[in-house]
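Here my numbering runs 2 ahead of the position in the sequence shown, where the first position is 1.
No residue lacks a Cβ here, since even glycine has one placed at the ideal position from N, Cα and C.
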Amino acid sequence: MTHTLHREGNAEDLSSDFPVLAIRAKGYNEKGNLWRLKKILEVAVTRYPLANFGDIVTGTKFTSDLEQMMKSERECPIVHMVFTNRDDLTRFLGDLKEMNLGISVVVSGLFETIFDCCRKVGLKPHTVNYSAGVWGRVERLPSLEILEVTTLCGHSLVSSHLVKRFIEEIRKGKIRCEEAAQELARQCVCGIFNPIRAARILRSVCGLHHSPDEGPSQE
């Protein structure tokens, strides 16, 4: 799965953005192992302050909740969660190693950081995927600051037009950055959109440097 690979941003910004997914292997363990995915999701959500999470079928942190995901009997092929710091990610990888559920796990982020997290808990990555970037008529793409938000959703469900509209509303004081980021997160069906990072990007784009809890700036 490569939909978490294309998040735009600089190294500093990406250092607090770690999407993780767990997936069963087709033809190997995709049948009768829903409980394993649920266990991984439950451990992540109950032990760590995740920016987002979801199971593709039931919804995400912003459209459903963990209780509904645990109750659902619908077969979901994959679960997602987004960590915001390397320490929590490292501990979670240790949890996965201890549980030994036999489920494939993909962690996206800066390579040096991910390798270090794995090293600390005695894990060795099986496969490494690289994003080759975007090719073709790149002049038709939105600006980089917009792409930093839209690429937080790997299935392109967060529209650049919606991001631009929220930027205008933030500048007019009609909505807070955090509220806009959470509304953007609702568009992402799998739960890998990081609204905490999105709010930070929106504040920067709008030239706001106040605390996230203060509401719209009146500058």
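Span separating the alpha-carbon of residue i from that of residue j
i: Ser206; j: Glu32; result: 43 Å
i: Leu43; j: Thr86; result: 16 Å
i: Gly96; j: Val151; result: 30 Å
i: Leu103; j: Ala200; result: 32 Å
i: Arg38; j: Arg26; result: 9 Å
i: Asp15; j: Leu7; result: 15 Å
i: Leu164; j: Arg9; result: 18 Å
i: Arg167; j: Ser66; result: 25 Å
i: His157; j: Gln189; result: 10 Å
i: Glu170; j: Gln70; result: 35 Å
i: Glu147; j: Ala24; result: 29 Å
i: Leu112; j: Arg121; result: 14 Å
i: Glu114; j: Leu125; result: 14 Å
i: Ala13; j: Arg202; result: 15 Å
i: Phe117; j: Leu149; result: 26 Å
i: Phe64; j: Cys179; result: 16 Å
i: Lys99; j: Val45; result: 12 Å
i: Asn35; j: Thr60; result: 17 Å
i: Tyr30; j: Glu77; result: 15 Å
i: Gln184; j: Gly209; result: 19 Å
i: Gly11; j: Gly175; result: 26 Å
i: Ser161; j: Ser145; result: 13 Å
i: Leu68; j: Ser74; result: 10 Å
i: Ser17; j: Ile198; result: 13 Å
i: Ile172; j: Val136; result: 29 Å
i: Cys155; j: Thr4; result: 12 Å
Classification of residue i by the beta-carbon crowding that lies within 10 angstroms, buried from 16 upward
i: Asn196; result: buried
i: Tyr50; result: buried
i: His82; result: buried
i: Lys40; result: buried
i: Leu52; result: buried
i: Asp89; result: exposed
i: Thr62; result: buried
i: Thr153; result: buried
i: Gly56; result: buried
Sheet register partners of residue i (DSSP bridge)
i: Ala24; result: Val81, Val107
i: Thr62; result: Gly56
Assumed close pair residue i, residue j - CB separation to whole angstroms, cut-off 8 Å
i: Leu159; j: Val109; result: At roughly 22 Å, the Cβ-Cβ gap does not stay under 8 Å, so Leu159 and Val109 are not in contact.
i: Cys119; j: Leu91; result: 5 Å
i: Val107; j: Val47; result: With a Cβ gap of about 15 Å, Val107 and Val47 do not count as contacting.
i: Val123; j: Phe20; result: With 8 Å as the limit, Val123 and Phe20 do not qualify as a contact, their Cβ atoms being about 14 Å apart.
i: Asn54; j: Ile194; result: 7 Å
i: Leu204; j: Ala182; result: 6 Å
i: Ile58; j: Pro79; result: 7 Å
Interface flag, residue i vs chain C, CB-CB below 9 Å
i: Asp19; result: No chain C is part of this structure, which consists of one protein chain only.
Every unbroken alpha helix (DSSP H) within the region 145–180, with a cutoff of 4 residues, ordered by chain: Complete alpha helix (DSSP H) runs here, min 4: 146–152, 162–173.
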